[in-house]
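Worksheet: one structure, shown below.
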Ligand code: SAH
């Protein structure tokens, strides 16, 4: 049953303009029902954001697909994700890139995400509790960086940790107001940014707990 609903979701994504076949295939493979609260499992394949613990949300599938597409990923890339949340986008990224590093500030959310990534045997994902605005200096540089929470401007540490020829995709704007998905390309010494579309994300906030590293 969930296979059929996942295939329907992918058809809807295709109709709404997602073109990258690798992204569509990854979305078809990852069971979103594992990433949402059990009571909402029957809505897992609706194209809507769903609530998580700690007042956070699992992003809408359409936005996850567009962000992955905007990253122009290849199997050679190392990706940093800020804002693990449920782990859903990390799971999709794990199928598109060589290695995924993902940071979440809420330890309980991260523990649940780790369990799901482990159950799906996505062993190329490494997680950490901490403030994602500081990036992950020991694993830098990153060919690709994606942020799942909105900030007024790109965190300087993330720009620093982006490889040359790297791509950073993040929502920029006010905490509970107008936001835009922005793609930043670094080439040589220069940085170019491009607005992609209006979006709505939870805010990127300051550090909560001490860092720890886990690899499922
Ligand atoms: N990618 C997620 C969506 C997560 S919503 C998914 O697919 O489910 C954004 C997440 O960013 C929230 O879980 C929130 O706790 C986290 N977050 C907000 N500010 C952060 C920060 N400074 N560092 C790390 N995580 C942060």
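Residue numbers (my numbering): 436 to 651. Beta carbons are placed, not taken as given, at the ideal position from N, Cα and C, and that holds for glycine. Fair warning: this is a prediction, and the values are worked out from it, not measured in the lab.
Pick helix, strand or coil for residue 534, following the three-state DSSP scheme.
DSSP places residue 534 in strand when its eight states are reduced to three.
Of the residues 571, 490, 483 and 488, the one placed nearest residue 497, counting alpha carbons only
Out of 571, 490, 483 and 488, 483 has the C-alpha closest to the C-alpha of residue 497.
Return the CA-CA distance between residue 512 and residue 594, expressed in angstroms with no decimal places.
17 Å
Taking 7 Å as the cut-off, is the beta-carbon of residue 637 closer than that to any non-hydrogen atom of the ligand SAH?
yes
Report the start-end ranges of each beta strand (DSSP E) in the stretch 502-563 that is 3 residues or longer and not cut off at the edges.
Segments of the beta strand (DSSP E) lying fully in the stretch 502-563: 513-517 and 534-539.
Quick check on the DSSP output: the alpha helix (DSSP H) that includes residue 580 runs from which residue to which?
Residue 580 -> not in any alpha helix (DSSP H); beta strand (DSSP E) instead, spanning 577-582.
The alpha helix (DSSP H) with residue 635 in it runs from where to where?
No alpha helix (DSSP H) holds residue 635; DSSP gives it neither H nor E.
Please find out if some non-hydrogen atom of the ligand SAH comes closer than 7 Å to the beta-carbon of residue 524.
yes
Determine which residues share a DSSP beta bridge with residue 621 and list them.
626
Outcome for residue 640 when other beta-carbon atoms lying within 10 angstroms are tallied against a minimum of 16
exposed
Using a 10 Å radius around the Cβ and a threshold of 16 neighbouring Cβ atoms, would you call residue 587 buried or exposed?
Residue 587 counts as exposed, since fewer than 16 other beta carbons sit within 10 angstroms of its beta carbon.
Measuring from the CB of residue 544, is there a heavy atom of the ligand SAH at a distance below 7 Å?
Relative to the non-hydrogen atoms of the ligand SAH, the Cβ of residue 544 comes within a distance shorter than 7 Å of at least one.
Please report the Cβ distance between residue 538 and residue 567, rounded to the nearest whole angstrom; I am assuming they are in contact, meaning their Cβ atoms lie under 8 Å.
Sure, about 4 Å apart at Cβ, within 8 Å.
Measuring CB atoms only, is the stretch 595-603 touching the stretch 575-582, in the sense that at least three cross pairs come out at less than 8 Å?
yes
Beta-carbon spacing of residue 570, residue 585 below 8 Å:
By the CB criterion at 8 Å, residue 570 and residue 585 fall outside the cutoff.
Segment contact, 8 Å Cβ cut-off, at least three pairs: the stretch 619-626 with the stretch 518-532
no
Using the beta-carbon count (16 or more within 10 Å), is residue 474 buried or exposed?
exposed
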